[in-house]
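Sequential numbering from 0 applies to the sequence shown in numbering that gives the first Met the number 0. All C-beta atoms, glycine included, are put in the ideal place defined by N, C-alpha and C. Notes follow once the structure below has been shown.
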Amino acid sequence: MDPVPLLLMGQYPTLPDKAGAFFHGLCANHAFIDGNKGTATYAAVILCDLNDFKLTASNDEVVELAVAASRQDGLSVEDVTAWFRSKALAK
0 MDPVPLLLMG
10 QYPTLPDKAG
20 AFFHGLCANH
30 AFIDGNKGTA
40 TYAAVILCDL
50 NDFKLTASND
60 EVVELAVAAS
70 RQDGLSVEDV
80 TAWFRSKALA
90 K
């Protein structure tokens, strides 16, 4: 099945789940030569902001998450979505 409909539908039902899966995908899959973690961070923050959610994490916490998610043996998508569920709060 195409991953885009899964992202938009049931596999990631809440906005924090969607932001976490999106963030993990950009960090872990290294789509760009450089800038994957920064792109993932900006994309997740914008996704949350556009949907009236606010990340309550510090910059250092987000950097730590991005580095851990980008490692080859790093965090799973489940770990990252759980982090977003705890840090992304409705405005």
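Rounded to whole angstroms, K53 and A87 show a C-alpha spacing of 5 Å. By the Cβ rule, the region 30 to 39 counts as touching the region 55 to 73, because three or more pairs are nearer than 8 Å. Judged by their CB atoms, L14 and N58 are not nearer to each other than the 8 Å cut-off. DSSP, read as helix, strand or coil, puts A87 in strand. Rounded to the nearest angstrom, the gap between the Cα atoms of D72 and L25 is 15 Å.
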